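Asks: Throughout, this note's numbering is defined as the position within the sequence shown, counted from one, plus 461.
Think of the CB as a built atom: it goes at the ideal place given N, C-alpha and C, for glycine as much as any other residue.
Only a predicted model underlies this, so the values are computations on that prediction, with no experimental measurement involved.
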Amino acid sequence: MLERVWILSLLDRHEEALEEGHQLLESSEDCFKPLLVLAHAHQRRYRWGDVARLQEEALRLAATGTREALVRHHIGRRLFDEARYGDAAAEFEWASDLYRAAGRVRLAEVSRQAALRSRDVYEHGRTTWH
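(1) Using a 10 Å radius around the Cβ and a threshold of 16 neighbouring Cβ atoms, would you call Y585 buried or exposed?
(2) Could you tell me which whole alpha helix (DSSP H) segments of length 4 or greater appear in the stretch 530-584?
(3) For R539 versus Q574, is the C-beta spacing smaller than 7 Å?
(4) Cβ atoms of G537 and F553: under 7 Å apart, would you say?
(5) State the start and end residues of the unbroken alpha helix (DSSP H) segment that holds L514.
(6) Classify S489 as helix, strand or coil using the three-state DSSP reduction.
(7) Can you tell me where the alpha helix (DSSP H) holding R465 begins and where it ends?
(8) Whole angstroms is fine: what's the gap from R587's alpha carbon to L486's?
(9) Exposed or buried, which one is Y560 when buried takes at least 16 other CB atoms within 10 Å?
(10) Buried or exposed: which applies to V566, given that a residue is buried once 16 or more other Cβ atoms fall within 10 Å of its Cβ?
(11) Helix, strand or coil: which one does DSSP assign to R528?
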């Protein structure tokens with residue numbers, strides 16, 4: 462069911478994705494992953510407030526450093542999509558640190574690269590706009 466919600470949102474079948482995502486969330490014992498998948502579906506619709514609320518709820522449920530890192534990476538992606546590149550870089554760096562501390566080297570590197578890209582876009586925007 463998680464994958465179905467994800468795929469529906471990728472196929473731009475947003476209303477179906479949101480409906481099934483809410484059903485999944487209501488029926489799940491562990492709401493952590495359903496919250497992130499539903500947040501992704503909302504993000505595809507640019508519903509930043511809903512996305513942030515769901516991500517913050519997932520962050521509260523993150524019982525491990527790895528889960529927290531996953532949420533922080535998702536938050537970074539939302540902030541990047543919102544053109545809040547400096548804030549996105551900070552979240553990606555935080556995710557990278559958490560992944561590294563958990564021994565998840567590849568994921569730490571993915572988040573580090575996202576932080577570098579966010580920082581580059583942020584710096585480019587600052588020099589272009591001023």
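Replies: Working from what's here:
(1) The residue asked about is misnamed: residue 585 is His in this sequence, not Tyr. A residue is called buried when at least 16 other Cβ atoms come within 10 angstroms of its Cβ; H585 does not meet this threshold and is exposed.
(2) Listed in chain order, they are 546-562.
(3) In this structure, Q574 does not lie closer than 7 Å to R539 by Cβ.
(4) Yes, Cβ-Cβ distance for F553 and G537 is below 7 Å.
(5) Sequence check: residue 514 is Arg here, not Leu. Start and end: W509 to L522.
(6) S489: coil per DSSP, three-state reduction.
(7) That run of the alpha helix (DSSP H) goes L463 to L471.
(8) Between R587 and L486, the C-alpha separation is close to 40 Å.
(9) Y560 should be labelled buried.
(10) Exposed: under 16 other Cβ atoms inside 10 Å.
(11) In this structure, R528 counts as helix in the three-state DSSP scheme.
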